[in-house]
Each structure stands twice: as C-alpha cells, then as structure tokens.
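Peer 1:
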Amino acid sequence: MYTASQCTSLANFFMPKDLRCNTIIKKNMKKIYLTYCLLFYFVCTLHAQNSFPSTGPVTIGANSPFSLQVAGASRYYGIVNFGEEYDPIAYGKGIQISRPADQGDNAFHLSFIRSWRTIAGMGFLRNSSTFAIQNAADNSTNSGIFLAETGNVGIDINTPTQKFMVNGNISLGNLGDHLGVSLNDRFTYDTKYQPHYGMQWVMDSWTAAGPTLWMSGYGGMKFFTLGLERISVADNGNVGIGTSAPTNYKLAVEGTFAARKVKVTQEVWADFVFDSTYVLPPLKDVESHVKTYRHLSGIPAAEEIQQQGLDIGDMQQRQMQKIEELTLYLIDQNKKVEMQQQLILKQQQELLELGKRLKELERKQSK
1 MYTASQCTSL ANFFMPKDLR CNTIIKKNMK KIYLTYCLLF YFVCTLHAQN SFPSTGPVTI
61 GANSPFSLQV AGASRYYGIV NFGEEYDPIA YGKGIQISRP ADQGDNAFHL SFIRSWRTIA
121 GMGFLRNSST FAIQNAADNS TNSGIFLAET GNVGIDINTP TQKFMVNGNI SLGNLGDHLG
181 VSLNDRFTYD TKYQPHYGMQ WVMDSWTAAG PTLWMSGYGG MKFFTLGLER ISVADNGNVG
241 IGTSAPTNYK LAVEGTFAAR KVKVTQEVWA DFVFDSTYVL PPLKDVESHV KTYRHLSGIP
301 AAEEIQQQGL DIGDMQQRQM QKIEELTLYL IDQNKKVEMQ QQLILKQQQE LLELGKRLKE
361 LERKQSK
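Following the UniProt record's numbering, the numbering of the sequence shown begins with 1 at its first residue and continues without gaps.
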C-alpha cells in the first residue's frame, strides 16, 4: 500500500513543469493540486491489494498469509519448479516438483486437501524411485497405486515385480466384460461376442440358473499341476487326460479311470440274430474257424486289439451277437435232448412191455 508521502511525490512528479514554475497562476494551483491528489488517491486505493515489499510475502490481487497468492489467471513460460531441491537440467516443459532423494519423512511431493485435512497425495516413496498415488495422510502405508522404476505397476504392493500386480481381488464391472489378450479378435456364440484369447462370465441360453464361464484358446488349452500337464484340449475339441495327443479320440485317457456306471449308446444292436431270416452258422463251421484262426468269427484277434484298441460299444454288440447265437444253439440242442429223452422213455416203456411178455411166456411153458 502507498503512503501519503509517496502519493505526494507521485503527484509532484506527474504535475506539469510550467504549473510549478509559473507564479502567475498560483491561485489556480490549489485547485489543480487538489485534483491531482484526488486522482492519485484513487490510483493508490485501486492498487492497495498489491504489495511488493523488499522483504516478506508478495501479494498480488489480495491480502493473504501465503508467500504468493494470485487472484485471477496466471501464466508461466518455460519451467516452473516447486520443492526443496532444484535441478537446472530441463527434463520437460511445465511444472517440476522435486524433493531430496531421502527427504527424511513420509510426506508427499504433491498433496491434495479436502475439508482442511490431507487425504491424498502423490510422489516418490522415501529414498525410493517408486512413484506412488495414495489416499492416506502420508506415503508410509502399502495402500495405493505404485509405479516402479522398471515400469511395473502394483496396487497395494509397493514393490511390484511384474508388469501388473494386485494385492486383493480383481472384479470385472459387468457380466460380459472380457479378460484376455487381443480382445477384438473374437467370434460370435449364442448371439454374444467371445474373444478367441479370453474369458468372460455371461448369461448363456442353455441355463437360467446363473452366469456361465466362457473360456477360449484358439490353438487349444492346457491345465497343469505340480508343473506337469494334466488335461489338454486340442483345437479340434479332442480332450486328453494325462496326454497331449488325443489324436482322433474325443477323450483319451493315459492311465486308469474308475466309474460307477458307464453308458454307451449304440445305433445297431444284435437282436437281428433272432430274426427269422438270420442264418445261424453251423457248429462245424464255427469249430473250423476257431481251429484255423484261434478266435471267434466276427471278433477281433488279439493282435488287432493290441494295435487299435477296443471299441466298448462295438465289442458289446459283437459279444451280444455271439451270446444270442449261443442261445439259439442251446435252444436247438435242448430240443434235440428233449426228443432223445422222449425216445428213450418210449424205448424203456417198450422194453418193460417186452419183459412182461417174456415172463408170461416163461410161466406158460413151465406148466
């Protein structure tokens, strides 16, 4: 603020020289002097909010306890530096905020205040090259977002060793949000998009019970435990358990599996054996085939089973065909046995009759 003496000096400075020297117009000088005093009083009052003392705070636009406060727009050209330390090397245009490497405390380089209370800040961790953004009173906590010098990012992990690490749960915002890589490389299924290299939880038309997990690996998928491959799904949909080469099998298991029940569906069954047009092979032909090839006709040989495996459904049908043929053989044999028994009974009856007649003849002859 300008003092009264400063205002008088300014008035004398701006007063025309001829008005100060000319004695003729001394009567008008008081009026002119009074006018200039009023003018500079207005100027001094107008600039009373600006203060540029030789020492102490500088105030522009308002009286303030701050060292510098600007009421209105301001503009800076070049680099503006804030902080306890200054590096003359220009690392970029604009504002630079700096502190010593080990500042001796856990204060933020840049703090954000709400309701007169520090609730958040950002800056380098103490004596560290890790940059942090935290919602806390200081940066001594392990809660926040941390950017390591290597470029690794951690959430609630201040020493991330991977490109992205999270200490806690990760949740997708909505059903149908995708997680994966190259998410725009996708296909349509059930009228919805599914990435070739990703996963999502989505409502599927096959059930209304809840969301279904969709996972896709365009070239296949593998599942490991103890560092070993356990389940593999080839790109053609074939599944291997204990093997990554299911070849032409929809399910290939390398090892033993147990089940309480196995159901195999068959389109053809062996009931055609009981058809009236079916020709039952003679037993002599069966005997000849067994002696020659050492296996039943229509049943694979041991070598073939070893090389190609066993089709359970097909083998069950073949075995049932043999069982039904054997049943027909037994029925035929039973008929023959019954005929033979009847013949034996008849012959026994005839022998009894003959025996009675012989005894009668012997009795008559003895008289």
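Glycine is no exception: its CB is placed at the ideal position from the N, C-alpha and C atoms.
1. Does DSSP put Ile-155 in a helix, in a strand, or in coil?
2. Could you tell me the distance, in whole angstroms, from the CA atom of Met-165 to the CA atom of Gln-308?
3. Within this structure, are the beta carbons of Val-290 and Leu-328 separated by less than 8 Å?
4. Return the residue from the list Val-264, Ala-136 and Thr-161 that minimises the CA-CA distance to Ile-312.
5. Can you tell me whether Gln-349 is buried or exposed, with buried defined as 16 or more other CB within 10 angstroms of its CB?
6. Within its chain, find whatever has a CB closer than 8 Å to the CB of Ala-101; leave out the 5 residues flanking it on each side and keep chain order.
7. Taking the alpha-carbon positions, what's the Thr-188 to Ala-234 distance?
8. Give a yes or no on whether the C-beta atoms belonging to Ala-137 and Thr-118 are separated by under 8 Å.
9. Taking the alpha-carbon of Gly-176 as reference, which of Ser-67, Trp-201 and Asn-184 has the nearest alpha-carbon?
10. Determine the direct distance from the alpha carbon of Gly-168 to that of Trp-116, and round the result to whole angstroms.
11. Would you decide whether Ala-148 is buried or exposed? Buried here means 16 or more other CB atoms lie within 10 Å of its CB.
12. Can you have a look at Phe-13 and say buried or exposed, based on whether 16 or more other CB atoms are within 10 angstroms of its CB?
13. Apply the 10 Å Cβ neighbour rule to Asn-184 and answer buried if 16 or more other Cβ atoms are within range, or exposed otherwise.
14. Does the Cβ of Arg-114 have 16 or more other Cβ atoms within 10 Å, making it buried, or fewer, making it exposed?
15. Bridge partners of Gln-96, per DSSP?
16. Excluding five sequence neighbours on each side, which residues of the same chain lie with their C-beta closer than 7 Å to the C-beta of Tyr-249?
17. What residues in its chain sit with their C-beta under 6 Å from that of Gly-220, if we drop five residues either side in the sequence?
18. Let's test the definition: count the other Cβ atoms within 10 Å of the Cβ of Arg-99 and tell me whether it reaches 16, buried, or not, exposed.
19. Can you look up Val-337 in the DSSP assignment and give me helix, strand or coil?
20. Under the assumption that His-109 contacts Gly-92 (Cβ atoms under 8 Å), give the Cβ distance between them as a whole number of angstroms.
21. Hey, how far is the Cα of Thr-247 from the Cα of Gln-194?
22. From the DSSP output, in three-state form, read off Ile-323 for me.
Peer 2: With the given structure in hand:
1. In this structure, DSSP gives Ile-155 an extended state, which the three-state scheme calls strand.
2. Within the model, the alpha-carbon separation for Met-165 versus Gln-308 is close to 50 Å.
3. Their beta carbons are not under 8 Å apart, which means Val-290 does not touch Leu-328 by this criterion.
4. Ile-312 has its Cα closest to that of Val-264, out of Val-264, Ala-136 and Thr-161.
5. Gln-349 sits exposed, since fewer than 16 C-beta atoms from the chains shown fall within 10 Å of its C-beta.
6. Hits under 8 Å: Asn-127.
7. Roughly 20 Å separates the two Cα atoms.
8. In this structure, the beta-carbon distance from Ala-137 to Thr-118 falls below 8 Å.
9. Closest by alpha carbon: Trp-201.
10. Using only the alpha carbons, I get a separation of about 31 Å.
11. Sixteen is the threshold: when 16 or more other Cβ atoms of the shown chains lie within 10 Å of the Cβ of Ala-148, as they do, the residue is buried.
12. Only weak support is given to the placement of Phe-13: the predicted model assigns it a pLDDT of 49, under 50, and the value that follows is read from those uncertain coordinates. Its Cβ having fewer than 16 others within 10 Å, Phe-13 is exposed.
13. Exposed, since its Cβ has fewer than 16 Cβ neighbours within 10 Å.
14. Exposed, because fewer than 16 other Cβ atoms sit within 10 Å of the Cβ of Arg-114.
15. Within the DSSP secondary-structure output, Gln-96 pairs in a beta bridge with Asn-81.
16. Taking Tyr-249 as the centre and dropping the five residues before and after it, the same chain places the C-beta of Asn-238 closer than 7 Å to its C-beta, in chain order.
17. Excluding positions up to five away in sequence, the list reads Val-233, Ala-234 and Asp-235.
18. Of the other Cβ atoms in all chains shown, 16 or more fall within 10 Å of the Cβ of Arg-99; this residue is therefore buried.
19. Helix, per DSSP.
20. Actually they are not in contact, since the Cβ atoms of His-109 and Gly-92 sit about 15 Å apart, beyond 8 Å.
21. Whole-angstrom Cα-Cα distance: 27 Å.
22. In the three-state reduction of the DSSP assignment, Ile-323 falls in the helix class.
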